[in-house]
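Note that the sequence shown ends on residue 485 in this note's numbering; no numbers are left out.
So the structure is just underneath, and the comments pick up after that.
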Amino acid sequence: MVPSAVTVDMGPPTPESERDVMLGDLKEDSQPKSAVLHRSLKTTPLQVVSGNGKYLTFSNGHTILDTTCGAAVACIGYDNKRVKQAMVDQIDKFSYCNSMFFSHPVGEELAAELVRGTGGAMSKAYIMSSGSEAMEAAMKMARQYYMEVSPQQPKRINFIARESSYHGTTLGALSMSGHVARRGLFLDMLLPNISRVSACNAYRGMSAGQTVEQYVEQLADELDRKFQELGPETVCAFVAEPVVGATIGCVPAVPGYFKAMKKICDKYGALLILDEVMSGMGRCGSLHAWQQEDVVPDIQTMAKGLGGGYASISGMMINHRIADALESGTGIFSHGHTYQGHPVACAAALEVQRIIREENLVENVRNTGAYLENLLHAHLDSHPHVGNIRGRGLFWGIEFVADKETKEPFPPSANVANAVHLKGLNDLGISLYPGTGTKDGIVGDHVLLAPAYTSTSEEIEEIAMKSMSEELGQTQQET
Ligand code: PLP
C-alpha cells in the first residue's frame, strides 16, 4: 500500500503539560472549523471516512495501515461482518434495556464467556462503557467489599497505585493515575486517599549490576513500607497495570514482580486490582495479562479489546472472595449506570470474543508477536537512538534516547515521539502511537505498536519494516 501525501502542520512545539500527544492531533489545513470539542481546540484533526480491515482512509484520500488499532482497540479490524450482523440482530430484538433492573440473553452470555475465559478464577462480570468507568467501579467495589466483610473496618479507604500509570480520566481513576501531565490541572480536585509507589520498569528502574530478584525485592520492600506508613489496616487495595500502556509505552513487569506484590497484599489483607483496560483481552498473548504472572487478582478491569471498537464497552470482573462477600452481605453492589450492560454493546463484544476464541487469535498474537519482537530487536537494537524495546504479545514499545550510554532522553522541546508519529503517518502510511515522558523521573519519548490480532506474518513484516525505516531513523537523529 503506497499512501498518498498528506500535509501536516506541526505548529509550534507544545508545552510540556500538553506533550502526551495522541492520534488525532493532526491538522489538515483544508479542514473547516469544527463544532466538535476536539482534544485540541487549535487544530482540526483529519476525518476518518472508512475502515477496511486494518486500513483507515481519511477524507483527503490518504490511507494508512493502522499498526496501533487506534489506541489498542480495533483488534479484529474495522469491518467485521459477523460483529456487524450480531449488532443488527440485537437491535432487531431490542436496542436498549435498563440493565440495573433487567437482564438479557447477550449480557448473560457475555458474562459467562468472560468468566469461562478466566478458568473459573473470577466469579462475575459487570459491564460498563469505558475503561475509566471500569476503574471507578473497581475502586468502589473494593471499598464496599471491606464494608461487607467487616463493617468495623471503615478505615480501609487508602489505595496504593504506581508512578507512571494510567487508569483513566474521570476524577477517581485519574486520582489513581501517575500520569503527571493529565493530572496537572486538576490536582486540587483529586482524591486524597491514593498513594503511589515506583513503577516496575526494568529499563529505567533497575540499577547497574542489580539482578531481577534484587529489583523485585526492592519494589516489594517499597510497597511494604508504604503499607506501614499508611497503616496496613487502612489500605483497601494495590492497583496496577500488568503491562503499563500509554504512559511509558508497553512496559511489562519483570518476572516475579506481581507474585511479590500479591504476597504483600495478602500479608496485610488488602486486595489486588489489576487494570487490564489496555493490556487485556488477548493483547499480550494470553486472554488476560495476569495469566502470565502466576497471580489471580481480586478485581480486574478490561475494555479496549473487549469490544474491539465496535461498541463502547468495558468490564470489571470480581473473584469469588468478593462475590461471596457481597452475596452474603447486603447482596447489592452500590453502583450503577444508565448504559451498563448495554445489549447492543454486549452483542458486539460477545461476537468479538467468540471470534477471538474460534479463530485462535490469542495464539496468533503470541506467534506474530514473537516474530515482531525478533524483527524489532534484529534491526533496531543497534540504532543509536533506540534505548529500549519492550512489550509482550502484540503490544510493543520503542523508547528513544538522546544518549544510549546514559539513557538521557531527548529534550521535551524536540517532540521526538510526535515527530516519529507524524513521519510514519505522512510518509510511510502507518500509525505509531506516540507518548512522551513526564517530569517525574521516568522519562523518555516512545512509540507504541499494537497491531490487530488477525495480523499475518507478511503484515508484521510490513509493520516492522516501516517502523524501522531509515526515514524514521532520520527523524530521531534530526531532532
Ligand atoms: N486504564 C488503562 C490502563 C488505560 O490505558 C485507559 C485508557 O487508555 C484507561 C484505563 C481509561 O479508559 P477509557 O479511556 O476508556 O476511559
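Just so it is clear, CB atoms sit at the ideal spot from N, CA and C, and this is done for glycine as well.
Query	Result
Quick one: residues in its chain with C-beta nearer than 6 Å to the C-beta of P258, no 5 flanking neighbours on either side, listed in chain order?	V249 and R398
Using the three-state DSSP reduction, which class does I469 fall into: helix, strand or coil?	helix
Do the CB positions of L386 and W402 come within less than 8 Å of each other?	no
Just to confirm the assignment: which complete alpha helix (DSSP H) runs, minimum length 4, are found wholly within the stretch 356-436?	367-386 and 422-429
Under 8 Å between the Cβ atoms of V453 and L438?	yes
Mind checking E169: buried by the 16 CB within 10 Å criterion, or exposed?	buried
Tell me whether K265 sits in a helix, a strand or coil according to DSSP, three-state version.	helix
Just confirm the distance between the C-beta atoms of G83 and K60, as a whole number of angstroms; I'd bet it's less than 8 Å.	5 Å
Would you decide whether M284 is buried or exposed? Buried here means 16 or more other CB atoms lie within 10 Å of its CB.	buried
Check whether the stretch 98-111 and the stretch 418-435 are in contact - that is, three or more C-beta pairs closer than 8 Å.	no
Assuming T69 and G435 form a contact by the criterion Cβ under 8 Å, report the distance between their Cβ atoms to the nearest whole angstrom.	7 Å
Only counting the same chain, and skipping five residues up and downstream in sequence, which positions put a Cβ closer than 6 Å to that of S318?	S135
Does DSSP put S56 in a helix, in a strand, or in coil?	strand
If you scan the stretch 168-223 from start to end, which runs of the alpha helix (DSSP H) of 4 or more residues do you find wholly inside it?	177-182, 186-189 and 208-211
Compute every distance between the C-beta of A144 and the non-hydrogen atoms of the ligand PLP, then say whether any falls below 7 Å.	no
Quick one: is the Cβ of S213 within less than 7 Å of any heavy atom of the ligand PLP?	no
With DSSP run on the structure shown, which of helix, strand or coil describes G291?	coil
Given 7 Å as the limit, tell me if D95 has its C-beta closer than that to any heavy atom belonging to the ligand ADP.	This structure lacks the ligand ADP; the ligands present are the ligand PLP.
My output table needs one value for A259: the three-state DSSP class, helix, strand or coil.	coil
Among all the DSSP beta bridges, which residues are the ones paired with N66?	Looking at the DSSP assignment, N66 forms no beta bridge with any residue, so it has no partner.
Would you report the Cα separation of T412 and A351, rounded to the nearest angstrom?	48 Å
Could you tell me whether any non-hydrogen atom of the ligand PLP is closer than 7 Å to the CB of E357?	no
Per DSSP, which residues does V250 bridge with? Please list them.	V257
Quick check on the DSSP output: the beta strand (DSSP E) that includes D281 runs from which residue to which?	L277 to E282
For D72, which option in N66, S65 and A80 has the closest C-alpha, if you only look at C-alpha atoms?	A80
Mind checking which residues open and close the beta strand (DSSP E) that includes L454?	D451 to L455
Please name the residue, chosen from K269, F192 and H389, that lies closest to A226 on a Cα-to-Cα basis.	K269
Is it the case that the Cβ atoms of Y316 and V89 are separated by a distance below 8 Å?	yes
Compute every distance between the C-beta of H348 and the non-hydrogen atoms of the ligand PLP, then say whether any falls below 7 Å.	no
What does the alpha-carbon distance come out to for the pair D230 and G237?	10 Å
Is DSSP giving F233 helix, strand or coil here?	helix
According to DSSP, simplified to helix, strand and coil, what is V302?	coil
Going by alpha carbons, who is nearest to G342 out of R327, V368 and E142?	E142
Excluding sequence positions up to five away, which residues of its chain have a Cβ less than 6 Å from the Cβ of K472?	L434 and I436
Taking 7 Å as the cut-off, does the CB of Y274 come closer than this to any heavy atom belonging to the ligand PLP?	no
Which of helix, strand or coil does DSSP assign to E34?	Summary for E34: the model assigns pLDDT 47, below 50, so the residue's position carries little reliability; its value from the coordinates is reported in the next sentence. If DSSP states are grouped into helix, strand and coil, E34 belongs with coil.
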